[in-house]
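Visitor: In the working numbering, the protein residues as written are 82 to 391. Ideal Cβ placement from N, Cα and C applies to all residues, glycine included.
So, in structure tokens, the structure goes:
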């Protein structure tokens with residue numbers, strides 16, 4: 082269910098949408114009102130979509146929330162379909178052609194492709210946001226990254242009802258294996274964006290890629306800071322505790338390095354105006370980033386898996 086092949090090109094300014102979502106939801110604390118406005122707004126703003134809306138957990142799986150589009154399936158069995166997979170794994174899913182998914186749950190026969198992102202609260206899924214399109218291959222990694230940013234903004238601005246938090250914990254308690262796999266999956270996206278940014282050089286494509294990289298890095302670092310390091314710090318194994326402490330300290334240095342890079346180059350035109358400096362500074366950071374990812378994949382995460390017994 083991962084993206085493959087050619088995708089239709091539908092440029093979307095997710096930076097603008099994120100600002101508009103903030104303005105739309107700011108000052109209103111009613112959850113249903115905010116969810117309804119969020120779904121309606123994205124249904125109208127995203128090109129080539131025929132449905133956009135929420136599903137939330139209950140005792141039997143997922144139940145329909147506010148949405149934009151035709152009437153949809155009210156209930157989805159636990160773990161079934163694209164929404165069930167995204168919720169259970171707490172990770173976004175892109176489907177280029179829903180006809181190729183064996184357990185796809187068809188609510189509208191006109192839908193041909195799908196993107197689902199989980200609503201994450203403290204690293205745990207408390208619902209999903211589902212977007213369908215009548216176009217095969219409608220959704221690209223940029224859309225996944227953009228929708229993850231928008232749903233994170235939504236969760237950060239609203240008060241998620243306690244019943245969704247309880248249902249999530251009972252239905253799909255995310256174990257350590259899934260959490261570590263999420264960290265590894267972040268690395269795949271980060272490496273991809275870093276490679277694309279390196280290939281873009283000092284062209285106009287560099288800044289949008291830098292913004293996307295920043296969004297994924299923020300999500301990844303939050304998962305490590307809020308879940309991985311605190312759990313490893315409680316290990317009975319002193320070697321593991323010291324390893325986690327060292328990695329956390331080193332990550333602080335890499336975080337500061339990226340922050341300085343971002344502060345210098347985030348302005349429109351800055352990269353093009355000082356191309357040689359940008360290329361040199363990006364190359365230095367990219368080497369440090371790639372080395373860090375390799376060390377985490379083959380050392381820290383393996384130690385964590387062994388310590389957690391997964």
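Output the boundary residues of the beta strand (DSSP E) element that contains residue 175.
Guide: 174-176
Visitor: Could you tell me how far apart the beta carbons of residue 359 and residue 346 are, in whole angstroms, since I believe they sit closer than 8 Å?
Guide: With 8 Å as the limit, residue 359 and residue 346 qualify as a contact, their Cβ atoms being about 6 Å apart.
Visitor: Please classify residue 195: does DSSP put it in a helix, a strand, or coil?
Guide: In the structure shown, residue 195 sits in a strand (DSSP, three-state: E or B).
Visitor: Is it right to say residue 392 is buried, meaning 16 or more other beta carbons lie within 10 angstroms of its own, or is it exposed?
Guide: Only positions 82 to 391 of the chain appear in this structure, which leaves residue 392 out of reach.
Visitor: Can you tell me where the beta strand (DSSP E) holding residue 298 begins and where it ends?
Guide: Where residue 298 is concerned, there is no enclosing beta strand (DSSP E), although the alpha helix (DSSP H) it sits in stretches over 287-304.
Visitor: Just to confirm the assignment: which complete alpha helix (DSSP H) runs, minimum length 4, are found wholly within the segment 117-162?
Guide: none
Visitor: Checking the sheet assignment: what are the DSSP bridge partners for residue 213?
Guide: 132 and 195
Visitor: With C-beta atoms as the reference, is residue 234 less than 8 Å away from residue 102?
Guide: Yes; because the gap between Cβ atoms is below 8 Å, this pair is in contact.
Visitor: Quick one: Cα of residue 326 to Cα of residue 261, how far?
Guide: 17 Å
Visitor: Report buried or exposed for residue 379, applying the criterion of at least 16 other Cβ atoms within 10 angstroms of its Cβ.
Guide: exposed
Visitor: Closest by CA to residue 180, which one among 170, 193 and 323?
Guide: 193
Visitor: What is the DSSP secondary structure of residue 207, reduced to helix, strand or coil?
Guide: In the structure shown, residue 207 falls within a strand segment according to DSSP collapsed to helix, strand and coil.
Visitor: Rounding to the nearest angstrom, what Cα-Cα distance links residue 394 and residue 230 in this structure?
Guide: With the chain covering 82 to 391 only, the question about residue 394 has no answer from this structure.
Visitor: Can you tell me where the alpha helix (DSSP H) holding residue 312 begins and where it ends?
Guide: 310-314
Visitor: For the candidate residues 105, 126, 175 and 140, whose alpha-carbon lies nearest to that of residue 162?
Guide: 175
Visitor: Would you tell me roughly how many angstroms separate the C-alpha atoms of residue 337 and residue 363, rounded to the nearest one?
Guide: 14 Å
Visitor: Can you tell me whether residue 278 is helix, strand or coil according to DSSP?
Guide: helix
Visitor: Within the segment 328-361, note down every full alpha helix (DSSP H) run reaching 4 residues or more, in order along the chain.
Guide: Listed in chain order, the alpha helix (DSSP H) elements of length 4 or more contained wholly in the segment 328-361 are 351-354.
Visitor: I'd like to confirm the pairing. Which residues does DSSP put opposite residue 201 in its beta bridges?
Guide: 206
Visitor: In chain order, what residues of the same chain lie with their CB nearer than 7 Å to the CB of residue 136, ignoring the 5 residues before and after it?
Guide: 143, 144, 145, 146, 157, 164, 208, 209 and 211
Visitor: Report the rounded CA-to-CA distance for residue 272 versus residue 373, giving the unit in angstroms.
Guide: 11 Å
Visitor: Under 8 Å by Cβ, that's how I've got residue 112 and residue 299 pegged, so tell me the actual separation to the nearest angstrom.
Guide: Rounded, the Cβ-Cβ distance is 24 Å, inconsistent with contact.
Visitor: Taking the straight line between their C-alpha atoms, what separation do you get for residue 305 and residue 293?
Guide: 19 Å
Visitor: Does the segment 121-132 come into contact with the segment 210-224, if we say contact requires no fewer than three beta-carbon pairs (one atom in each stretch) closer than 8 Å?
Guide: Three or more Cβ pairs drawn from the segment 121-132 and the segment 210-224 lie within less than 8 Å of each other, which places the two stretches in contact.
Visitor: With the cut-off set at 8 Å, would you say residue 199 and residue 167 are in Cβ contact?
Guide: yes
Visitor: Do residue 171 and residue 201 have their C-beta atoms within less than 8 Å of each other?
Guide: Less than 8 Å divides the Cβ of residue 171 from the Cβ of residue 201.
Visitor: Could you tell me the alpha carbon to alpha carbon distance between residue 315 and residue 295, rounded to whole angstroms?
Guide: 29 Å
Visitor: Residue 110 by DSSP, collapsed to three states: which one?
Guide: coil
Visitor: Contact check, residue 288 vs residue 274 under 8 Å by CB: the rounded distance?
Guide: Actually they do not touch by this definition, with Cβ atoms about 13 Å apart.
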